[in-house]
Amino acid sequence: MGDVEVPLFLSELKRNVGGGHSDPVIQAGCSMKQWFQPDRSRMRDRCCCPTFILAGSGPWLCILGAAITHRVIIQRLTDMMWIGLSSTNEDGRIRRFARVMAALSQNLFASENTTSRLEADAGCVTYLAKIRRDAESPDVDQRVVIKFVDQYGDEVHRFLAGRDSSSGYLFDNSMKMVVMNYVEPHPRPAGARTQLEAILTDLHTAGYVFGDLREPNVLFDGNGRAKLIDFDWAGRITWAEGVGPLAPIRPEHDWRMLGKL
């Protein structure tokens, strides 16, 4: 990466599970963090360094994902998968492991100029990326958005994506990392408010609430169609009384926030 050397593969051998109170997942996370200490700031400044971590111990294997914002973020992508021999349920277990490894090998992100923060804030955990696939694939170099989350309204996102009212929903993993189609933003068209009113009506009729209707979370594609993004606060409607800290988000909040746009 210019005059900065970035390792493409690192390997460490540790003890087995339980040996010396060792947990391979924690060990792998610590190793990742050690690689990005202050003396490697030049590397951190040039790339978020999206990384796959394979933590193995005997016949067990776990895959984690990592990236850098203002800190190193590490999330588990799979559970501890048994890859040894057993006497029952071989077909399903082997099929699942093969699918995981195939996905890992076929969906690696290109290592050069493929990721960038979508916000200037150093704490931003949303990235623009490209998917590397075979040259014959119709979505080679497809641009996607990757977001690391603690909570996410994936059910609401899928609902709106199915109605072409949000970006296409591609992947999530236990609500820790979400991958979606990138929407190139365009100017707000005439009739934008009418579109948003229709989207909110669909949401509320289906029993959902968006909860964070702000200008940064509304995009318009090349056809002038409104797309809602950022579903951190979206979910099923609850009808408890009262409004305040940790209180439910209600449909009227969406309408009130729409009036402020």
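If you're matching positions, the sequence shown starts at 4 in the working numbering and goes up one per residue.
A virtual CB, placed ideally from N, CA and C, is assigned to each residue, including glycine.
{"Check": "Helix, strand or coil: which one does DSSP assign to I97?", "Outcome": "helix"}
{"Check": "Closer than 8 Å by C-beta to P190: which residues in its own chain qualify, once you throw out the five before and the five after it? Chain order, please.", "Outcome": "F223"}
{"Check": "Would you mind giving the Cβ-Cβ distance between A31 and V159, rounded to the nearest angstrom? I have them listed as a contact below 8 Å.", "Outcome": "So it is not a contact: roughly 33 Å between Cβ atoms."}
{"Check": "Relative to the C-alpha of V255, which residue among I232, D235, D233 and D215 is closest?", "Outcome": "The amino acid occupying residue 255 in the given sequence is Glu; Val does not appear at that position. Checking every option, the nearest Cα to that of E255 belongs to D215."}
{"Check": "Of the choices L64, L163, V212 and W85, whose alpha-carbon is the least far from that of R239?", "Outcome": "V212"}
{"Check": "Kindly confirm or deny that the stretch 92-99 and the stretch 61-79 touch, where touching means at least three C-beta pairs closer than 8 Å.", "Outcome": "no"}
{"Check": "Thinking C-beta only, is Y185 closer than 8 Å to V148?", "Outcome": "yes"}
{"Check": "When you compare each of D235, I66 and V182 to A105 by their alpha carbons, which one comes out closest?", "Outcome": "I66"}
{"Check": "Suppose you measure from the CA of E218 to the CA of N226; what does that come to, to the nearest Å?", "Outcome": "18 Å"}
{"Check": "Ignore the nearest five residues each way along the sequence and tell me which others in L88's own chain have a CB closer than 7 Å to its CB.", "Outcome": "none"}
{"Check": "Tell me whether W258 sits in a helix, a strand or coil according to DSSP, three-state version.", "Outcome": "helix"}
{"Check": "From I71 to K36, what does the alpha carbon distance come to, in whole angstroms?", "Outcome": "10 Å"}
{"Check": "Taking the beta strand (DSSP E) that A209 belongs to, which residues open and close that run?", "Outcome": "Here A209 belongs to no beta strand (DSSP E), and DSSP marks it neither H nor E."}
{"Check": "Which residues in the same chain have their Cβ closer than 8 Å to the Cβ of P53, if we skip the five residues on either side of it in sequence?", "Outcome": "G68, A69, A70, F112, T118, Y130, A132 and I149"}
{"Check": "Below 7 Å CB to CB, which residues in the same chain sit around A209 once its five sequence neighbours on both sides are set aside?", "Outcome": "F162"}
{"Check": "Alpha carbon to alpha carbon, what distance is there between V28 and L173?", "Outcome": "26 Å"}
{"Check": "Taking Cβ positions, are A195 and A229 nearer each other than 8 Å?", "Outcome": "yes"}
{"Check": "Indicate the three-state DSSP secondary structure (helix, strand or coil) for E244 in the structure shown.", "Outcome": "Any reading at E244 needs caution, since the residue's pLDDT is 43, under 50, leaving its predicted position unreliable; the model's value is listed next. The answer is coil: DSSP assigns E244 none of H, G, I, E or B."}
{"Check": "Give a yes or no on whether the C-beta atoms belonging to I232 and N220 are separated by under 8 Å.", "Outcome": "yes"}
{"Check": "Looking at the strands, I want to know which residues DSSP matches up with M180.", "Outcome": "F151"}
{"Check": "Have a look at P62 and E93 and give me their C-alpha separation to the nearest angstrom.", "Outcome": "14 Å"}
{"Check": "By the 10 Å Cβ neighbour count, where 16 or more other Cβ atoms means buried, how is A58 classified, buried or exposed?", "Outcome": "buried"}
{"Check": "Do I86 and L64 have their C-beta atoms closer together than 8 Å?", "Outcome": "yes"}
{"Check": "Considering only the beta carbon of each residue, do Q154 and D235 sit closer than 8 Å?", "Outcome": "yes"}
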